[in-house]
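Going by my numbering, the letters in the sequence shown line up with residues 789 to 978, in that order. All residues carry an ideal CB built from backbone N, CA and C; glycine is no exception. Here the structure is a predicted model, which is why all the values come from computation and not from measurement. In what follows, a single structure is set out as structure tokens and then discussed.
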Amino acid sequence: VASCSGPTATRQVEKKEAAPVEAITGLTGLYRCYGPSRQWAQDIQVLRVQNIFLKSRQAPPGKAFAWQITFVSPSKNRIKNCTYSVVKEDGLFEGVYNPNDEAFSGTSKLAQPFVIQTVKKDTDEIYKVALDNSKEYAQKNPNVPISMLLEFSERNPVAAWRVIWGTSVGTSAYSVFVDATNGLYLKKAF
């Protein structure tokens, strides 16, 4: 019995390209840091959430490649700064970076801790609300980077996202507050 054999097919192993890294919203960064930080203290509260700008990448408004979250433990009277990054660059670690805690000087008019359940609206939604209420300024300043800052201070009766046209509050000429719980526009910051 004769058998026929054709040329042997060679298999080429295809290398799959890594999916491009995508920027994430503020709530993603907050919740990724919350679990590991809660191991440090069961009574943690949020003091501040803010996006981190990277030199090498530009994220769309309302998102970032890294977020810094500051938690407070009232029982320990300590704070913990936690970072969540989807990239390892510009001095950041990929994933959760949860270094040592520091002394907390207590609440002030500018910074009051609040429970995580207060934050129900995410930064991409918050940015749309801010943009709808800032069309004229945004049209006149189309290339200005957008910063997001979540905090509870005497300026608002609730925890609010501050949408900042610029890289920081100090260097910005314009920003607005949007309620972190219901996503309603609160006011322009003066």
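- What separation, rounded to the nearest whole angstrom, lies between the Cα atoms of Gln900 and Ile914? Distance from the CA of Gln900 to the CA of Ile914, rounded to the nearest whole angstrom, comes to 21 Å.
- Task: Note the first and the last residue of the continuous alpha helix (DSSP H) segment covering Arg826.
- Result: Note, Arg826: alpha helix (DSSP H), Gly814 to Trp828.
- Out of Gln838, Leu972 and Leu898, point me to the one whose CA is closest to Phe940's CA. The residue from Gln838, Leu972 and Leu898 with its alpha-carbon nearest to that of Phe940 is Leu898.
- Report yes or no: do three or more beta-carbon pairs, one from the segment 852 to 860 and one from the segment 872 to 888, lie closer than 8 Å? Flag = yes, the segment 852 to 860 and the segment 872 to 888 touch.
- Message: Checking the sheet assignment: what are the DSSP bridge partners for Asn921?
- Response: DSSP, once it has assigned bridges, lists no residue as partnering Asn921.
- Pair within 8 Å by beta-carbon distance, Thr911 and Gly850: Contact flag set, yes.
- Message: Let me check one thing: in DSSP terms, what residues is Val861 bridge-paired to?
- Response: With the sequence shown as reference, residue 861 is identified as Ser, and Val is not the correct amino acid for it. Looking at the DSSP output, Ser861 sits in a beta bridge with Arg866.
- Message: I'd like to check one pair, Ser960 with Trp953: are the Cβ atoms closer than 8 Å?
- Response: Yes, the pair counts as a contact, with Cβ atoms nearer than the cut-off.
- Message: What residue range does the beta strand (DSSP E) around Asn839 cover?
- Response: Following the DSSP letters along the chain, one finds Asn839 inside the beta strand (DSSP E) bounded by residues Gln833 to Asn839.
- Task: Would you decide whether Gly958 is buried or exposed? Buried here means 16 or more other CB atoms lie within 10 Å of its CB.
- Result: Answer is exposed; the Cβ neighbour count stays below 16.
- Query: Is the CB-CB distance between Ser963 and Val946 below 8 Å?
  - Reply: No; because the gap between Cβ atoms is not below 8 Å, this pair is not in contact.
- Item | DSSP beta-bridge partners of Asp967 | For Asp967, which the question treats as bridged, DSSP gives the partners Ala948.
- Message: Suppose you measure from the CA of Val834 to the CA of Arg820; what does that come to, to the nearest Å?
- Response: So the two alpha carbons sit approximately 13 Å from each other.
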